[in-house]
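K.L.:
Protein chains in written order, with the working numbering: chain A, 1 to 145; chain B, 1001 to 1096. Glycine residues also receive a C-beta, built at the ideal position from the N, C-alpha and C atoms. Can you read through this structure? Questions will come right after.
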């Protein structure tokens, strides 16, 4: 996808990460400069968590997602819980734990899911950048603290 | 909150804001909504206004608590100023 078009879509889909939304969800935006969206999650009695989305070629490709501690170190183990979206890996492509959920590049390139192509999702509600981020947040809220 | 006529009458309206990653509805201030109106009505208005094409499987929360969008504000125990956080639930994980 054309880089300028990708950057414009990134801007359009991330520009509302501010104000009421951040306050309600206790999110912190560390970086929102194309092609990186880096957001921290906080909640009472939970270990804070951080999601860095690499959005090069968005939305021709889904975002590649790195999971971090709140201070920015890559996590070697992920939260566990009933949703199953956090996979301890290692992912064959990155060697890291990954988000095992449609909308994550690591999901769509995982050998178990290559048939579940991103094109099936990219224009659906809930699969823009804010939507994917929200889905990960909801999964994190349901994981063990 | 009262209905503007004073006294202890039950509230007839709530002041609602819907917050999503696609924006806030209404853009400024709040929408005055009857307390007996199902929550889903305001969510549908918000989705239309914000250009959200599909909200299948989305969850609405107020103060961190999930609300039943088929029920009205009173049935959900919501009065006064109501700020609804609206967004998609997590997708299913899948790797064996």
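Would the beta-carbon of residue 70 of chain A fall within 8 Å of that of residue 90 of chain A?
P.N.:
no
K.L.:
With a CB to CB cut of under 6 Å and the five nearest residues on each side skipped, what residues in its chain are close to residue 42 of chain A?
P.N.:
In the same chain as residue 42 of chain A, and ignoring 5 residues on each side of it, the C-beta atoms closer than 6 Å to its own belong to 26, 48, in chain order.
K.L.:
Would a check of beta-carbon distances place residue 138 of chain A closer than 8 Å to chain B?
P.N.:
Taking Cβ atoms only, chain B reaches closer than 8 Å to residue 138 of chain A, which makes this a yes.
K.L.:
For residue 1087 of chain B, which beta-bridge partners are listed by DSSP?
P.N.:
For residue 1087 of chain B, the beta-bridge partners assigned by DSSP are B/1059.
K.L.:
Where does the unbroken alpha helix (DSSP H) through residue 130 of chain A begin, and where does it stop?
P.N.:
Where residue 130 of chain A is concerned, the enclosing alpha helix (DSSP H) stretches over 129-142.
K.L.:
Under 8 Å between C-beta atoms, does residue 1046 of chain B make it to chain A?
P.N.:
With a threshold of 8 Å between beta carbons, residue 1046 of chain B makes no contact with chain A.
K.L.:
Compare the beta carbon distance of residue 134 of chain A and residue 1087 of chain B with 8 Å and say whether it is the shorter of the two.
P.N.:
yes
K.L.:
Any Cβ of chain B within less than 8 Å of the Cβ of residue 93 of chain A?
P.N.:
For residue 93 of chain A, the answer is no, since every Cβ of chain B falls outside 8 Å of its Cβ.
K.L.:
Any chance the CB of residue 1071 of chain B is under 7 Å from a heavy atom of the ligand NAP?
P.N.:
As for the ligand NAP, it is missing from this structure, which has no ligand bound.
K.L.:
Cβ atoms of residue 58 of chain A and residue 9 of chain A: under 8 Å apart, would you say?
P.N.:
Cβ atoms of residue 9 of chain A and residue 58 of chain A: closer than 8 Å.
K.L.:
For the segment 1080-1091 of chain B, enumerate the residues whose C-beta is nearer than 7 Å to any C-beta of chain A, in chain order.
P.N.:
Residues 1083, 1085, 1087, 1088, 1089, 1090, 1091.
K.L.:
The beta strand (DSSP E) spanning residue 1025 of chain B covers which residue range?
P.N.:
1023-1025
K.L.:
Would you verify that the beta carbon of residue 1077 of chain B is, or is not, closer than 8 Å to some beta carbon of chain A?
P.N.:
no
K.L.:
If you check the beta carbons only, do residue 63 of chain A and residue 132 of chain A fall under 8 Å apart?
P.N.:
yes
K.L.:
Since residue 1030 of chain B contacts residue 1011 of chain B with CB under 8 Å, what's their CB separation in whole angstroms?
P.N.:
Going by Cβ atoms, the distance from residue 1030 of chain B to residue 1011 of chain B rounds to 14 Å, so no, they are not a contact pair.
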